[in-house]
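Protein chains in written order, with my numbering: chain P, 2 to 113; chain B, 17 to 132.
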C-alpha cells in the first residue's frame with residue numbers, strides 16, 4: 002500500500018459543480034498536511050494547509066480526519082480555471098528530519 | 017511569503033555534458049530540500065531528499081552517481097545531472113521546507129532540461 006493515496010482521476014465536471022477529492026495516508030504519526038495545485042508544465046503552488054478543525058478559503062474547504070487518516074478537498078461552484086492537478090502532501094517528522102510524501106495527484110477538468 | 021528560487025529555468029545541452037541546477041530559499045532557512053522530476057503528463061516523482069550538512073537520501077531507482085546533490089548551506093541545494101542523455105530530458109523541480117516542520121512546502125519554478 003502506498004503511504005499516500007489519492008482518488009484516481011480525471012474528474013470531469015461541468016462549471017458550477019461541487020467536487021471533492023480525498024487523500025489517505027498510512028502513517029498515523031504524520032503531522033502536516035497540505036493541498037497543492039499544479040497547472041500543466043508549471044510547479045505546484047500551495048492551495049491550502051489542512052487543519053484538524055477544517056479550514057475554508059472561498060470556494061475551497063479542506064478537512065483532516067485523523068481517526069480515519071484522510072484529508073479532503075471540496076471545491077464548490079467549480080470554475081473553468083479550477084482545471085488542474087491537485088496534489089496532497091503529507092509531512093512526517095522522522096529522526097529529526099522531515100519526510101515528505103505526496104500523492105500522485107488528481108486531475109480535474111471543468112468544462113462549460 | 018516564502019520564496020524558493022530555482023535557476024536556470026530552461027537549459028538545452030548536448031549529450032554527455034553535465035548540468036547544474038540551483039535551488040535557493042530566499043527568505044528562510046531550509047533544513048530539508050527535495051528534488052523532483054516530472055515527465056510530460058506524469059506525476060511529480062521524488063528523486064531525493066537533501067538535509068543540510070548530510071548526504072542526500074535517494075529514492076529507489078535514482079542513480080546517486082548520476083544525479084549529484086549538494087546541500088551545503090541552509091539556503092542552497094544543487095542538483096548536477098552528470099553525463100546527461102536525451103532520456104534525462106525532463107522538468108526538474110526543487111522544493112524546500114523551513115525549519116518548522118508544520119510549514120508548507122515551497123516549490124521552485126522548475127528547470128526544463130532538454131538534452132540533444
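Each residue gets a CB set at the ideal place from its N, CA and C atoms; glycine is no exception.
Rounded separation between residue i and residue j - CA only
i                      : j                     : result
residue 10 of chain P  : residue 45 of chain B : 36 Å
residue 27 of chain P  : residue 3 of chain P  : 8 Å
residue 79 of chain P  : residue 60 of chain P : 8 Å
residue 7 of chain P   : residue 89 of chain P : 8 Å
residue 14 of chain P  : residue 77 of chain P : 11 Å
residue 69 of chain B  : residue 83 of chain P : 40 Å
residue 100 of chain B : residue 34 of chain B : 6 Å
Beta bridge counterpart(s) of residue i as assigned by DSSP
i                      : result
residue 54 of chain P  : DSSP, once it has assigned bridges, lists no residue as partnering residue 54 of chain P.
residue 48 of chain P  : Answer is none; residue 48 of chain P lacks a bridge partner.
residue 114 of chain B : B:46
residue 61 of chain B  : B:53
residue 6 of chain P   : P:25
Residue i - containing beta strand (DSSP E), residue span
i                      : result
residue 89 of chain B  : 83-89
residue 85 of chain P  : 85-95
residue 112 of chain P : 107-112
Cβ neighbour criterion (16 or more within 10 Å) applied to residue i
i                      : result
residue 97 of chain B  : buried
residue 132 of chain B : exposed
residue 101 of chain P : buried
residue 60 of chain B  : buried
residue 96 of chain P  : exposed
residue 130 of chain B : exposed
residue 19 of chain P  : exposed
residue 68 of chain P  : exposed
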